[in-house]
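Asker: Numbering (my numbering), first residue to last: 749 to 868. Let me begin by handing over the structure; questions about it come next.
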């Protein structure tokens with residue numbers, strides 16, 4: 749899936765308004781291999797907010813790197829998700845194989861709200 753250059757530029761500008769300095773969606777996974785690392789951290793709640801004009805699929809990457817579907821957010825919807833620092837989430841505009849996950853997010857201790865701007 750090709751993402752238009754203007755969408756990438758818009759995302760880069762809009763990401764400057766994130767809720768913490770650490771918040772960032774990335775076009776590639778932050779870990780190699782791509783998976784959630786098992787660490788002992790206290791649980792926390794983050795809020796995924798779809799501010800895009802299209803529906804967004806949210807997946808959690810488990811300890812083996814398998815994608816687990818969690819939520820489909822329509823434009824304007826949000827939901828609270830219990831998670832842990834360092835967990836990796838995949839954000840997509842379609843439900844398919846791993847080639848359709850254009851953005852990754854790794855939970856940071858300071859994050860509480862994750863605005864999803866992709867696909868604008």
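Cβ coordinates follow ideal geometry from the N, Cα and C atoms, glycine included. All figures in this text were calculated on a predicted structure; none of them were measured in a lab.
So, at 8 Å on beta carbons, what are the nonlocal neighbours of residue 831 in its own chain, with the 5 sequence-adjacent residues on each side left out?
Answerer: Residue numbering aside, residue 831 sits at position 83 when the chain shown is read from its first letter. Cβ neighbours of residue 831 beyond the five flanking positions: 791, 792, 793, 794, 808, 837 and 855.
Asker: Whose CA, out of 812, 804 and 835, lies closest to the CA of residue 824?
Answerer: As a first step, residue 824 must be located in the chain shown, where it is residue number 76. If we check each option's Cα against that of residue 824, 804 comes out closest.
Asker: Please classify residue 780: does DSSP put it in a helix, a strand, or coil?
Answerer: Locating residue 780 in the chain shown gives position 32, counting from the first residue. Note: residue 780 maps to coil in three-state DSSP.
Asker: Whole angstroms are fine: how far does the CA of residue 786 sit from the CA of residue 842?
Answerer: Start at 1 with the first residue of the chain shown, and residue 842 comes out as number 94. Start at 1 with the first residue of the chain shown, and residue 786 comes out as number 38. One C-alpha to the other measures close to 28 Å.
Asker: Which residue wins for smallest C-alpha separation from residue 782, given the options 806, 798, 788 and 813?
Answerer: One-based indexing of the chain shown puts residue 782 at position 34. Per the C-alpha coordinates, the member of 806, 798, 788 and 813 positioned closest to residue 782 is 813.
Asker: Just tell me which of 835, 826 and 788 has its CA closest to the CA of residue 816.
Answerer: For the purposes of this step, residue 816 is identified with residue 68 of the chain shown, where counting begins at 1. It is 835 whose Cα lies nearest to the Cα of residue 816.
Asker: Please list the segments of the beta strand (DSSP E) lying wholly inside the region 779-845, counting only runs of 3 or more residues, in order along the chain.
Answerer: 791-798, 804-809, 815-821, 826-832 and 836-840
Asker: Tell me which same chain residues have a C-beta within less than 6 Å of the C-beta of residue 821, skipping the five on either side of it?
Answerer: Mapped onto the chain shown, residue 821 falls at position 73. If we look at residue 821 and ignore the five residues flanking it on each side, its Cβ neighbours are 798 and 804.
Asker: Does the Cβ of residue 839 have 16 or more other Cβ atoms within 10 Å, making it buried, or fewer, making it exposed?
Answerer: Residue numbering aside, residue 839 sits at position 91 when the chain shown is read from its first letter. Residue 839 is classed as buried because its beta carbon has at least 16 other beta carbons within 10 Å across all chains shown.
Asker: Using 8 Å for Cβ pairs, my map puts residue 818 next to residue 806. What's the rounded Cβ distance?
Answerer: Mapped onto the chain shown, residue 818 falls at position 70. Mapped onto the chain shown, residue 806 falls at position 58. That pair is a contact at about 5 Å.
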